[in-house]
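Read the structure below first, then the notes.
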Amino acid sequence: MSKLTTVRPLIAGNWKMNGLAAALDEARAVAAGVDNNPPAARLAIFPPDTLIHRMSEVLAGQPVALGGQDCRAEVSGAYTGDTSAEMLADAGAAMVILGHSERRGGYGETDALVRSKTEAALRAGLEPIVCIGESLEQRDAGKAIEVITGQLRGSLPVEALKGEAFSVAYEPVWAIGTGRTPTMADIEAAHEALRGVLVELFGEQGAAVQILYGGSVNPKNAADILAQKEVGGVLVGGASLKAADFLAIAAAA
Ligand code: PGA
10 MSKLTTVRPL IAGNWKMNGL AAALDEARAV AAGVDNNPPA ARLAIFPPDT LIHRMSEVLA
70 GQPVALGGQD CRAEVSGAYT GDTSAEMLAD AGAAMVILGH SERRGGYGET DALVRSKTEA
130 ALRAGLEPIV CIGESLEQRD AGKAIEVITG QLRGSLPVEA LKGEAFSVAY EPVWAIGTGR
190 TPTMADIEAA HEALRGVLVE LFGEQGAAVQ ILYGGSVNPK NAADILAQKE VGGVLVGGAS
250 LKAADFLAIA AAA
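Every letter in the sequence shown is one number past the one before it in the numbering used here, and letter 64, counting from 1, is 73.
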């Protein structure tokens with residue numbers, strides 16, 4: 010049996026390219042909400058890099074983790090505009106999202122690149138969340154499971170991840186920012202297939218790795234999604250920008 014039942018679900022808020030200094034108030038409100046009413050879930054916020062350091066001061070001592078949305082695989086060097094895993098950690102991040110479909114699609118990130126970024130995250134002591142997900146064309150062609158299990162195998166540096174904390178986020182590309190979600194049966198089928206691969210690759214550890222669902226999660230659908238077998242948390246985009254919505258999703262866990 011999966012150990013998920015004994016692990017707190019992870020509620021991760023991906024702010025994407027949103028948030029100026031004034032948005033730190035939302036992080037303050039999340040911290041205050043958690044303080045008043047500690048959720049059963051583990052919370053994490055992934056603000057833009059420009060806010061990581063300031064948010065680390067806002068969240069100091071609070072049970073809300075902080076992460077980056079991407080990193081470069083190299084430690085440092087002539088890579089204009091990029092941020093390394095070490096730099097994220099130095100700014101106060103403890104986690105990092107890798108292989109988000111907006112990076113895979115917008116920047117041509119391959120499974121191999123996501124794998125090397127995941128290794129970089131571990132090197133810097135960051136807990137990675139590795140994202141995978143099929144396009145609408147791939148789903149309509151009946152290839153969703155084949156695509157996501159292939160991405161998972163290609164994106165995980167198995168040897169490096171052995172014994173390390175990490176999670177996987179299943180985010181159907183067509184469900185991101187669209188208000189559309191798969192059926193609960195489709196979410197369950199996808200997560201079961203991913204669980205099978207994780208157990209095959211990692212044995213007992215693979216049975217405990219949290220598999221998050223992402224794509225149009227909101228306070229209304231969160232409880233249903235989180236109740237599906239093998240759903241160990243959610244990766245929330247738009248609905249994570251407002252503390253009240255993010256806290257309501259956490260309360261649904
Ligand atoms: P969304 O984004 O919740 O706005 O659909 C999810 C994500 O991209 O992680």
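Glycine residues also receive a C-beta, built at the ideal position from the N, C-alpha and C atoms.
Does DSSP put residue i in a helix, a strand or coil?
{"i": "Asn227", "result": "coil"}
{"i": "Ala150", "result": "coil"}
{"i": "Phe255", "result": "helix"}
{"i": "Glu83", "result": "coil"}
{"i": "Ser176", "result": "strand"}
{"i": "Asn45", "result": "helix"}
{"i": "Ile196", "result": "helix"}
{"i": "Val240", "result": "coil"}
{"i": "Val67", "result": "helix"}
{"i": "Val218", "result": "coil"}
{"i": "Ala262", "result": "coil"}
{"i": "Val167", "result": "helix"}
{"i": "Glu209", "result": "helix"}
{"i": "His62", "result": "helix"}
{"i": "Gly159", "result": "helix"}
{"i": "Val16", "result": "coil"}
{"i": "Ile185", "result": "coil"}
{"i": "Leu250", "result": "coil"}
Based on Cα-Cα distance, which residue from the options lies nearest to residue i?
{"i": "Gln219", "options": "Glu201, Lys229, Asp233", "result": "Glu201"}
{"i": "Thr192", "options": "Leu131, Leu244, Arg204, Tyr222", "result": "Tyr222"}
{"i": "Ala31", "options": "Leu19, Asn46, Met64, Ala40", "result": "Met64"}
{"i": "Gly246", "options": "His109, Gly114, Glu143", "result": "His109"}
{"i": "Val123", "options": "Gly242, Gly151, Leu165, Ala153", "result": "Leu165"}
{"i": "Ala257", "options": "Asp79, Ile196, Ala130, Val39", "result": "Val39"}
{"i": "Ala253", "options": "Pro18, Arg17, Arg37", "result": "Arg37"}
{"i": "Arg112", "options": "Gly205, Ile185, Pro47", "result": "Ile185"}
{"i": "Leu75", "options": "Arg51, Pro47, Val226", "result": "Arg51"}
{"i": "Leu203", "options": "Val240, Ile234, Ala236, Asn227", "result": "Val240"}
{"i": "Val67", "options": "Ala87, Ala262, Leu33, Gly242", "result": "Leu33"}
{"i": "Gly22", "options": "Ala236, Ser225, Ala133", "result": "Ser225"}
{"i": "Gly134", "options": "Gly101, Ser144, Ala150", "result": "Gly101"}
{"i": "Ala217", "options": "Gly172, Ala248, Gln237", "result": "Gly172"}
{"i": "Phe211", "options": "Ala121, Val167, Tyr116", "result": "Val167"}
{"i": "Gln237", "options": "Ala259, Gly114, Ala194, Leu244", "result": "Ala194"}
{"i": "Cys140", "options": "Ala260, Pro57, Asp79, Gly42", "result": "Asp79"}
In whole angstroms, what separates the C-alpha of residue i from that of residue j?
{"i": "Gly53", "j": "Pro72", "result": "The question names Gly, but residue 53 in the sequence shown is Ala. When rounded, the distance between both Cα atoms is 9 Å."}
{"i": "Asp199", "j": "Ser125", "result": "What sits at residue 199 in the sequence shown is Ala, not Asp. Between Ala199 and Ser125, the C-alpha separation is close to 24 Å."}
{"i": "Phe55", "j": "Lys25", "result": "8 Å"}
{"i": "Asp44", "j": "Ile20", "result": "16 Å"}
{"i": "Met96", "j": "Trp183", "result": "32 Å"}
{"i": "Gly142", "j": "Glu180", "result": "5 Å"}
{"i": "Leu29", "j": "Leu60", "result": "7 Å"}
{"i": "Glu197", "j": "Gly70", "result": "35 Å"}
{"i": "Ile138", "j": "Ile157", "result": "15 Å"}
{"i": "Asp91", "j": "Glu35", "result": "26 Å"}
{"i": "Leu250", "j": "Asn227", "result": "11 Å"}
{"i": "Glu146", "j": "Ala153", "result": "9 Å"}
{"i": "Val177", "j": "Asn46", "result": "27 Å"}
{"i": "Tyr88", "j": "Gly159", "result": "29 Å"}
{"i": "Val16", "j": "Ala98", "result": "24 Å"}
{"i": "Gly242", "j": "Ala103", "result": "18 Å"}
{"i": "Ala262", "j": "Ala232", "result": "6 Å"}
{"i": "Val84", "j": "Ile234", "result": "37 Å"}
{"i": "Glu155", "j": "Thr119", "result": "16 Å"}
Below 8 Å on the Cβ atoms is my guess for residue i versus residue j; work out the distance and round it to an integer in Å.
{"i": "Thr190", "j": "Asn230", "result": "6 Å"}
{"i": "Glu128", "j": "Phe175", "result": "With 8 Å as the limit, Glu128 and Phe175 do not qualify as a contact, their Cβ atoms being about 11 Å apart."}
{"i": "Arg162", "j": "Val208", "result": "So it is not a contact: roughly 13 Å between Cβ atoms."}
{"i": "Gly77", "j": "Val105", "result": "4 Å"}
{"i": "Ala169", "j": "Leu131", "result": "5 Å"}
Which residues does DSSP pair with residue i in a beta bridge?
{"i": "Glu136", "result": "Met104"}
{"i": "Gly22", "result": "Ile54, Val245"}
{"i": "Val9", "result": "Given a span of 10 to 262 for the chain in the structure shown, any question on residue 9 remains unanswerable."}
{"i": "Ile141", "result": "Tyr179"}
{"i": "Ser93", "result": "Arg81"}
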